[in-house]
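Residue numbers (UniProt numbering): 1 to 627.
Note that the Cβ used here is the ideal one computed from N, Cα and C, for glycine as well.
Okay, structure first, notes after.
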DNA sequence: TTAGGGTTAG
């Protein structure tokens, strides 16, 4: 539709009010798609004095307030022109404020409604309770509850469901449950509201009990369950729930796939992710910005950049999140220059970057050792885009300078920034100190880190490594002792490989896998061939390991990533890329060994550790030995 | 005139 309305324009008219519409202006309003068109009708209404008609004014307010292309400002203008606005038009304005993500405004309007003694109905309470839920405004919600009881509206299904939702989300799960149990009519939304409450409160047991008791389940019920598992980090259970959903005959939708793709990404289960991608294509589900971002993220987290780029191009509407997913995916996979190219494309496409974009861009610079570019973008974010750097951005800069060995610059940044360094920043600095053997600064940063993150095993490991590097063995033992006394343990290393949609997991010295015999035979062969290639185990790395049990296993060369690679080698045909996902950082001994293995066996090996990706090919790694 | 579910950086 053009910006003007041609007289001959008469497509079929939608009429949700089911009232006969005789008024031309209102008919046209129903066809409006753009704000500009609504404004033209608005002008016609003013000209013909139709605006003083309460029904017409309320319809126009509704368009402005509720439609995607509306404007709350104009809704208020019409509202203000009505002499005595009734409950409907007040409700519409409250609803509009919610739609435009302004719950505070909705509550202020309700307050004005009370002051002016405007009658409230169950619609008013439905909307205003939603505002309270969004704001977690429990005190106001309780007052509303009293008001609702006073007005005899407590048994209205809509109002009750909203009250259950409010109490559950605010953590008052017992109050929510009381309302649930005393409801005369339990519809699917009541069940789902309660279900979401348990999921939100991470009460898995009650969640399951309720889910099992549900007489009917719909897509929302299943999606709530899947999202719960993703939130608590049980990614395998999330996928299992998705399978059950399909067995139950419930069709997955966009929301389902966003959660499922997140689980797949965390597991690094590329085959399952590809299946989802095919399903989306087959069922013509539109790749909007959210689903597109989830898909890009999945491919990137599985180390499959071709897939990520394809998903990026297939995403119909690209917003800042879509671009961020792509840029961060490239940066994490060691494609720094490509990440910066994408940032330039983003700027050209007219999408405005946000603070996350600059985190990704600066991250790309630090991972790629691009000091000049990093400095340029750090300035640009403030000067051109008006984004004040936060702790994450300063952290990237410290990482950037640290990696390049420019410790003066790193200290200068820390001294000048308006906040104290956080654990992420100190870890980056310690990493740099390790690479450049800056023991003095490493010790200072390490002690500060332990003070800041006393329950994080990494704090102790990093400081211990720095001391070991300086041959300060007394200090190494002291740090280890403190760590043990405080009951802090390094989590066991765990690596996984996906084969035909099944994720195979290996821990250090694993003897539980059904093909363990072949895996260990392969491991022996790998050891022999590594020796022939001149590989010598990094015994210092072995000594540095904090966990005594792991030291024993490490000396045998049975680190989980090596087991996973051995399994990958025996389970796939020669030349196939082996993808390994690891829960903690890859150790430097394994890193050296895998570089050689990629050459010896002529295989691409991709290892995703807790920090970044390592693409091993022809004896070298994409991280350029810096991680 | 009305309700419920979601991810994405490091």
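- Taking 9 Å as the cut-off, the Cβ atoms of residue 417 and residue 442 do not count as close.
- Residues 519, 520, 522, 523 and 526 of the same chain have their beta carbon placed closer than 8 Å to that of residue 566, with the five preceding and five following residues left out of the count.
- Judged by DSSP in its simplified three-state form, residue 365 adopts helix.
- Sequence-distant partners of residue 353 (beyond 5 residues in either direction) whose C-beta falls short of 7 Å from its own C-beta, in its chain, are 320, 346 and 385.
- Judged by DSSP secondary structure, residue 416 falls within the alpha helix (DSSP H) whose first and last residues are 407 to 416.
- The stretch 245 to 273 is shown to contain whole alpha helix (DSSP H) runs of 4 or more residues at 254 to 267, in chain order.
- Here residue 408 is not near residue 431, since their CB atoms are 9 Å or more apart.
- Going by beta carbons, residue 92 and residue 119 fall outside the 9 Å limit.
- In this chain, the beta strand (DSSP E) harbouring residue 617 covers 613 to 617.
- The alpha-carbon separation between residue 121 and residue 59 amounts to approximately 19 Å.
- Cβ-Cβ separation between residue 210 and residue 195: approximately 6 Å, consistent with a contact (criterion under 8 Å).
- The criterion of a C-beta distance shorter than 9 Å is satisfied by residue 339 and residue 330.
- With a cutoff of 9 Å on beta-carbon distance, residue 480 and residue 455 are scored as not near each other.
- Assigned with DSSP and collapsed to three states, residue 505 falls in strand.
- Following the DSSP letters along the chain, one finds residue 578 inside the beta strand (DSSP E) bounded by residues 578 to 582.
- In the same chain as residue 570, and ignoring 5 residues on each side of it, the C-beta atoms closer than 6 Å to its own belong to 518 and 522, in chain order.
- By the neighbour-count criterion, in which a residue is buried when 16 or more other Cβ atoms sit within 10 angstroms of its Cβ, residue 574 is exposed.
- Note that the C-beta distance between residue 293 and residue 256 is not below 9 Å.
- Under the three-state reduction of DSSP output, residue 528 falls in the helix class.
- Taking a 10 Å sphere around the C-beta of residue 57, we find 16 or more other C-beta atoms and assign the residue as buried.
- Its Cα nearest to that of residue 108, the residue 137 stands out among 187, 81, 622 and 137.
- Annotated as distal: residue 391 and residue 401, with beta-carbon spacing of 9 Å or more.
- The stretch 196 to 216 makes no contact with the stretch 235 to 243, as fewer than three CB pairs between them are under 8 Å.
- Excluding residues up to 5 positions away in sequence, 272, 273 and 298 lie with their Cβ nearer than 6 Å to the Cβ of residue 264 in the same chain.
- A Cβ-Cβ contact shorter than 9 Å links residue 258 with residue 290.
- Residues 336 and 337 of the same chain have their beta carbon placed closer than 7 Å to that of residue 368, with the five preceding and five following residues left out of the count.
- Within its own chain, the residues whose Cβ lies closer than 6 Å to the Cβ of residue 363, once the five positions on either side in sequence are excluded, are 331 and 396, listed in chain order.
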